[in-house]
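Notes to accompany the following structure.
In the working numbering, the protein residues as written are -9 to 423.
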């Protein structure tokens, strides 16, 4: 397919199921319709170009029983390349602990590109009372739409070269593989040119996406040119290979497995993966550089975050070893938005949480110590937020301090970090405070 044939993707959300919601969710539904989902739609329509469907998109009820009108089957939905049906408060999804949303695709075009999907939204978990909460919902739904677009383990065997040829030979065969959790499963395994298995220096199995653009982007992200690809999450995934970026390396990425206020950077990596699917051409101006580990070098990628209880010199901007308590040191988080405390905890005092296993223990004198983000390989980080520097409602204790959208967190020698207005001077390549 010639690049000139690619045009901006057209996305259609179907809100029909919102019409039958309990009245208590009226404000939730209104915000999603009028503000949040239009922003999500605009983001992805600006981010991706696609070989558009030449005719109306006809829903196959055998694959996608989510249609809300028989006209979706015949004559179909005109002027769209992707239809997403929205369901709220699905018991199977929202009955799970603190699940905010989930999504999947259910139908493909002749080149295997997903064309129909469903997103489940758990409205009881939504915070719609302030702009910060609304912004988090928006980023969460940008994340879920990425899964529908093709960033899922189940879609990787269907990725294609730019000329349309499959990266994994057809017909797809079922193969027995060892999954990241050690179990054996019979699945459609992507070819080695797409997905490869590896092990960390502690023997933890993972899979990584090794397509060409992904490899280039991830090498540039970390300034580590030994990397073959981008590592996928190897803990608490409901599939064999992983459908998120590994949180130990990509905590600030929107498509990481952690949903924190800091994970709001839809980086070039996610767009590169979607482009390497062969289905899209990405607009990288829509991406943001993910600050976590940016330019940190190969030790950040390959070595332990904590060595014999101490933070290595290369990791001091990202990891910490102060146990979480009142009075613990406050520093800027790696994204320099928040004043934060280290999330290192003693799991003896958190009996409902699984403590770090032998290959995730970094403190020889106390094996129950670990970071609270388990999918980040229990690496302790400054993730316990104390102050949001971008919160305009806060008032300054120090004259020079300033809070709002143009402020960031800067570590200081004044006993705590400061929230200061900043400006990126592109000509001088400096951050001015």
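Note that beta-carbon positions come from the ideal geometry of N, C-alpha and C, so glycine has one too.
May I have the straight-line CA-CA distance separating residue 186 from residue 369, to the nearest angstrom?
In a straight line, the C-alpha of residue 186 is about 24 angstroms away from that of residue 369.
So which of 46, 32, 71, 304 has the shortest CA-CA distance to residue -4?
Residue -4 has its Cα closest to that of 71, out of 46, 32, 71, 304.
Give the C-beta separation of residue 235 and residue 242 to the nearest angstrom, bearing in mind that I take them to be a contact with Cβ-Cβ under 8 angstroms.
About 10 angstroms; that fails the 8 angstroms criterion.
Within 10 angstroms of the Cβ of residue 157, are there 16 or more other Cβ atoms? Answer buried if so, exposed if not.
Buried, because 16 or more other Cβ atoms sit within 10 Å of the Cβ of residue 157.
Pick out whichever of 281, 154, 310, 134 has its Cα sitting closest to the Cα of residue 324.
It is 281.
Just to confirm, are residue -7 and residue 271 a CB contact at a threshold of 9 angstroms?
Taking 9 angstroms as the Cβ cut-off, residue -7 and residue 271 qualify as a contacting pair.
Can you have a look at residue 36 and say buried or exposed, based on whether 16 or more other CB atoms are within 10 angstroms of its CB?
By the 10 Å Cβ count, residue 36 comes out exposed.
Along the beta strand (DSSP E) that carries residue 215, what are the first and last residues, could you check?
Residue 215 -> no beta strand (DSSP E), and no H or E assigned at all.
Comparing C-alpha positions only, which one of 279, 248, 301 sits nearest to residue 90?
The candidate whose alpha carbon is nearest that of residue 90 is 248.
Using the rule of at least 16 other Cβ atoms within 10 Å of the residue's Cβ for burial, across every protein chain shown, is residue 388 buried or exposed?
With fewer than 16 other Cβ atoms within 10 Å, it is exposed.
Nearest to residue 198 by CA position, among 154, 160, 165, 142, is which residue?
Residue 142 is the option with its Cα nearest to residue 198.
Inspect the beta-carbon positions of residue 244 and residue 253 and report whether they are closer than 9 angstroms.
Taking 9 angstroms as the Cβ cut-off, residue 244 and residue 253 qualify as a contacting pair.
Within 10 angstroms of the Cβ of residue 31, are there 16 or more other Cβ atoms? Answer buried if so, exposed if not.
Under this definition residue 31 is a buried residue.
Entirely within the region 313 to 369 and at least 3 residues each: give me those beta strand (DSSP E) ranges in chain order.
Here the runs fully enclosed are 320 to 322, 328 to 332, 334 to 336, 359 to 361.
From this set, 110, 356, 95, which residue's C-alpha is nearest residue 461's C-alpha?
Residue 461 falls outside the range modelled here, since the chain spans only -9 to 423, and no answer is possible.
Just list the alpha helix (DSSP H) runs in the region 32 to 115, keeping only unbroken ones of 4 residues or longer that don't cross its boundaries, in chain order.
As far as the region 32 to 115 is concerned, its whole alpha helix (DSSP H) runs of at least 4 residues are 81 to 84.
Of all the options 22, 139, 16, which has the alpha carbon lying nearest to the alpha carbon of residue 4?
Looking at the Cα atoms, 22 is the closest of the given residues.
Pairs of beta-carbons, one from the region 278 to 293 and one from the region 41 to 54, closer than 8 angstroms: are there three or more?
Contact fails: fewer than three Cβ-Cβ distances are below 8 angstroms.
According to the Cβ coordinates, are residue 373 and residue 312 closer than 9 angstroms?
Not closer than 9 angstroms, so no.
State buried or exposed for residue 215, treating a residue as buried only when at least 16 other CB atoms are found within 10 Å of its CB.
It is exposed - the Cβ of residue 215 has fewer than 16 other Cβ atoms within 10 Å.
Could you check whether residue 138 and residue 127 sit closer than 9 angstroms to each other, using their CB atoms as the reference points?
Result no, Cβ atoms of residue 127 and residue 138 do not sit closer than 9 angstroms.
How big is the Cα-Cα spacing for residue 34 and residue 0?
Looking at the two C-alpha atoms, the distance is approximately 9 angstroms.
What's the C-alpha gap between residue 283 and residue 410?
The straight-line gap from Cα to Cα measures roughly 23 angstroms.
Considering only residues of the region 282 to 311, which uninterrupted alpha helix (DSSP H) runs meet the minimum length of 4 residues and lie entirely inside it, listed in chain order?
Complete alpha helix (DSSP H) runs here, min 4: 288 to 292.
Within the same chain, show all residues whose beta-carbon is closer than 8 angstroms to that of residue 130, passing over the 5 residues directly before and after it, in chain order.
Excluding sequence neighbours, residue 130 sits near 90, 91, 249.
Near residue 289, what residues of its chain come up, given a Cβ to Cβ distance below 6 angstroms and the 5 sequence neighbours on each side ignored?
Result list for residue 289: 304, in chain order.
Considering only C-alpha positions, which residue in the set 169, 267, 80, 81 is nearest to residue 152?
Answer by Cα proximity: 267.
Within 10 angstroms of its Cβ, does residue 16 collect 16 or more other Cβ (buried), or is it exposed?
Looking at its Cβ environment, which holds fewer than 16 other Cβ atoms inside 10 Å, residue 16 is exposed.
Following the continuous beta strand (DSSP E) through residue 1, name the residue where it begins and the one where it ends.
Its beta strand (DSSP E) spans residues 1 to 4.
Given that a residue counts as buried once 16 or more other Cβ atoms are within 10 Å of its Cβ, and exposed if not, what is residue 140?
Classification of residue 140: buried, given that the 10 Å Cβ count is 16 or more.
If I follow the unbroken alpha helix (DSSP H) through residue 272, where does it start and stop?
Counting along the chain, residue 272 falls outside any alpha helix (DSSP H), though it belongs to the beta strand (DSSP E) covering 270 to 272.
Which stretch, first to last residue, makes up the alpha helix (DSSP H) that contains residue 123?
Residues 121 to 139.
Could you pull the start and end residues of the alpha helix (DSSP H) that residue 256 belongs to?
Where residue 256 is concerned, there is no enclosing alpha helix (DSSP H), given that its DSSP letter is neither H nor E.
Among residues of its own chain, excluding the 5 on either side of residue 42, which ones have a beta-carbon nearer than 6 angstroms to its beta-carbon?
Result list for residue 42: -3, 71, in chain order.
To the nearest angstrom, how far is it from the Cα of residue 308 to the Cα of residue 331?
Approximately 12 angstroms between the Cα atoms of the pair.
Between the Cα of residue 328 and the Cα atoms of 414, 379, 354, which residue gives the shortest distance?
Selected option, being the one with the closest Cα: 379.
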